[in-house]
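Accompanying notes for the structure given below.
2 protein chains.
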Amino acid sequence: MVHAMNETDFIKDYDPSAFQRPSVAVDLVLLGIRDNRPAVLLVKRDQHPHAGRWALPGGFVGIDEALDAAAARVLREKAGMAEAHLEQLYTFGAVDRDPRMRIISVAYLALLTERAFDAALSAKPALLPAAVEVPWVGETGGAVNVLSPENEALTLAFDHADILTMAMLRLRGKLDYSDVAFALLPELFTLRQLQDVHEAILGASLNKPAFRRRQLDRGWLKATGAYESGAAFRPAELYRFQPSTAD
Amino acid sequence: MVHAMNETDFIKDYDPSAFQRPSVAVDLVLLGIRDNRPAVLLVKRDQHPHAGRWALPGGFVGIDEALDAAAARVLREKAGMAEAHLEQLYTFGAVDRDPRMRIISVAYLALLTERAFDAALSAKPALLPAAVEVPWVGETGGAVNVLSPENEALTLAFDHADILTMAMLRLRGKLDYSDVAFALLPELFTLRQLQDVHEAILGASLNKPAFRRRQLDRGWLKATGAYESGAAFRPAELYRFQPSTAD
DNA sequence: TGACATATATGCAAATTAGATATATGTAGT
DNA sequence: ACTACATATATCTAATTTGCATATATGTCA
């Protein structure tokens, strides 16, 4: 970034409220699948607004930091995680979403494998793994319910319930035309595991042969020839996600 | 918004760069269909970065202004338009997207009927109606080409070509599962007009009976019993968009 | 060795979609 | 008034996709 000019020289031409700028933050929906249910990692607020409530981990965007970089940094700092599927979700900019001051929040969706989810919990024991339920309302889904490990309903801080709702609906919407599901699975997985992930996100059960056919026809799955181990019955073949050559 | 506390009391606890905040702007993709092709309204930059280039109309977000409100204001001020379908698109936050200073831009997609598009042009003659082409690349689409009325290729200012590209791809993606197409049509329209809009956005031609069936089965169309006039052949029935009762 | 649980494969009916074709209905010209 | 014409609208059939049931395969474990 070029800071050669004196900012004030031109800011006034463009931005009458240049010295009353909103702050910009990123908030992360750290999503994984646990026990075949969607789960998010939350942090407990210990300060003024909504103190004691659970919230999405977030942080302010540095003046010389790209949005994606800020999201990656929060992922690193708050979840101790080097990498994860990270995609921008939506930007929340209601004036009073934070009672302290004007904060515009760019929400990101981070998809974690079960391993990564648990690793984050170990690295940051203060994180709460909360189950997420998305009721079926009018063909898509309604506002989410967030449940603590003890199955208590949680009220999230700020507008974080809205953010989480949007994350879940977005995930549902993208599920069958994109490759997001694979971000929730380990390198090698069985078709059953893939179906479990889909069912967890959709909150519905799917027809097995049809699901299998669709997935295989997609051309994204590469059979490894290896099989799962430890099963008390016939083991399933392990597949690997391989983005199609055309894309 | 509550400004009761002195901001500096708590900002420092949360934001180490509190006094070096990015500016937040909104940029609008004002999109309509002209001559069965997608078109956007652009403004000419007369100042420093990218002076002379065409850009998306935009404006800074006021400290006490919601993001959606800022977008609506820009729509009003820059396009002289009271209302239009307005939806948030994506937030662009690369550090060097503006060489002057750090500006995070929340892009909005505004869908205009042909009438509204022309009205904006009359109200603000400085606006340029530019045609947009989205080449088919790998199943979805590639970077857009923007053409002036004289068919010259235009290079947009800043990262506005990226914004426009995302707008077009988003529109394509939503076209057949959402009701966006109706935002581009007048109150009353024929099935042919609806199909024309779809074809313009997809950049492909569709099968007529199949399209007709799908649209009618959706339950969003209400036949009026009235027919178009002025056609030199059999006039088509006029339909009205009626959101389904379930949603 | 056989019960068992699940993976995998196959088959078929139902539903959806694509495409072609036929029919209807307005305008415009003679 | 009649006919050509262009397009709307309706109908029909084949192809494709999907849902679901059933059959077969293959591992563990008692």
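Note that the protein sequences, when read in sequence, are chains A and B. Just so we're aligned: the first sequence equals residues 3 to 249 in the working numbering. Just so we're aligned: the second sequence equals residues 3 to 249 in the working numbering. Backbone N, C-alpha and C fix where the C-beta goes; we use that ideal spot for every residue, glycine too.
{"Item": "For Leu129 of chain B, the three-state DSSP class (helix, strand or coil)", "Value": "coil"}
{"Item": "8 Å contact criterion, which Arg23 of chain A and Ser107 of chain B should meet: CB distance rounded", "Value": "Between Ser107 of chain B and Arg23 of chain A the Cβ distance is about 14 Å, and since that is not below 8 Å, they are no contact."}
{"Item": "Buried or exposed by the 16-neighbour rule on C-beta atoms within 10 Å, applied to Tyr241 of chain A", "Value": "buried"}
{"Item": "contact_flag[the stretch 102-117 of chain B, the stretch 77-86 of chain A] where n(CB pairs < 8 Å) is 3 or more", "Value": "no"}
{"Item": "Closest Cα partner of Pro127 of chain B within the set B:Val45, B:Gln195, B:Ala183", "Value": "B:Val45"}
{"Item": "Cβ-based contacts, 9 Å cut-off: residues of the stretch 69-96 of chain A near chain B", "Value": "Leu69, Asp70, Ala71, Ala72, Gln90, Tyr92, Thr93, Phe94, Gly95, Ala96"}
{"Item": "Residue-level contact to chain A via CB, Pro2 of chain B, 8 Å cutoff", "Value": "Not covered by the structure: residue 2 of chain B. The range shown for chain B is 3 to 249."}
{"Item": "Contact residues within the stretch 169-203 of chain B, judged by C-beta distance below 8 Å to chain A", "Value": "none"}
{"Item": "Asp11 of chain B versus Pro51 of chain A - alpha carbon distance", "Value": "Note that Asp11 of chain B scores 39 on pLDDT, short of 50, meaning its location in the model is unreliable and no value can be drawn from it."}
{"Item": "Delimiting residues of the beta strand (DSSP E) encompassing Glu185 of chain B", "Value": "Looking at the sequence provided, one finds Ala at residue 185 of chain B rather than Glu. That residue, Ala185 of chain B, is in no beta strand (DSSP E); its alpha helix (DSSP H) goes 182-185."}
{"Item": "Ala68 of chain A vs Val97 of chain B beta-carbon contact at 8 Å", "Value": "yes"}
{"Item": "Interface residues of chain A facing Val63 of chain B [CB-CB closer than 8 Å]", "Value": "Pro24, Gly95, Ile106"}
{"Item": "Contacts of Asp66 of chain A in chain B (Cβ-Cβ under 8 Å)", "Value": "Val97, Arg104"}
{"Item": "With 16 other Cβ atoms within 10 Å as the buried cut-off, status of Tyr92 of chain A", "Value": "buried"}
{"Item": "As assigned by DSSP and simplified to three states, the class of Ile165 of chain A", "Value": "helix"}
{"Item": "Beta-bridge pairing of Val134 of chain B - partner residues as DSSP gives them", "Value": "B:Val148"}
{"Item": "Alpha carbon of Ile203 of chain A to alpha carbon of Leu30 of chain A, nearest angstrom", "Value": "18 Å"}
{"Item": "Collapsed DSSP secondary structure at Gly227 of chain B in the structure displayed", "Value": "strand"}
{"Item": "Gln90 of chain A - containing beta strand (DSSP E), residue span", "Value": "87-94"}
{"Item": "Where the alpha helix (DSSP H) through Phe243 of chain B begins and ends", "Value": "Element bounds for Phe243 of chain B: not the alpha helix (DSSP H) but the beta strand (DSSP E), 239-243."}
{"Item": "Secondary structure of Arg36 of chain A, DSSP reduced to three states", "Value": "strand"}
{"Item": "Supposed close pair Ala122 of chain B, Leu130 of chain B - CB separation, criterion 8 Å", "Value": "That pair is no contact at about 11 Å."}
{"Item": "Residues that Lys46 of chain B bridges to, as DSSP identifies them", "Value": "B:Trp56"}
{"Item": "Start and end residues, alpha helix (DSSP H) containing Leu113 of chain B", "Value": "That residue, Leu113 of chain B, is in no alpha helix (DSSP H); its beta strand (DSSP E) goes 105-113."}
{"Item": "Collapsed DSSP secondary structure at Ala233 of chain A in the structure displayed", "Value": "coil"}
{"Item": "Alpha-carbon to alpha-carbon, Arg215 of chain B and Arg39 of chain B", "Value": "24 Å"}
{"Item": "Cβ pair Gly143 of chain A, Leu166 of chain A closer than 8 Å", "Value": "no"}
{"Item": "Pick from A:Arg194, A:Asp198, A:Thr192 that is closest to Asp37 of chain A, judged by C-alpha positions", "Value": "A:Asp198"}
{"Item": "Check: Asn209 of chain B C-beta below 7 Å from any heavy atom of the ligand NAP", "Value": "In the structure shown, the ligand NAP is absent, as is every other ligand, since no ligand is present at all."}
{"Item": "C-alpha gap between Gln235 of chain A and Glu89 of chain A, whole angstroms", "Value": "First, the residue type needs correcting, since residue 235 of chain A is Phe and not Gln in the sequence shown. Each residue's alpha carbon lies about 38 Å from the other."}
{"Item": "Opening and closing residue of the alpha helix (DSSP H) in which Arg78 of chain B lies", "Value": "69-81"}
{"Item": "Alpha-carbon to alpha-carbon, Glu116 of chain A and Gln195 of chain A", "Value": "12 Å"}
{"Item": "Limits of the alpha helix (DSSP H) - the one that Gln217 of chain B falls within", "Value": "210-220"}
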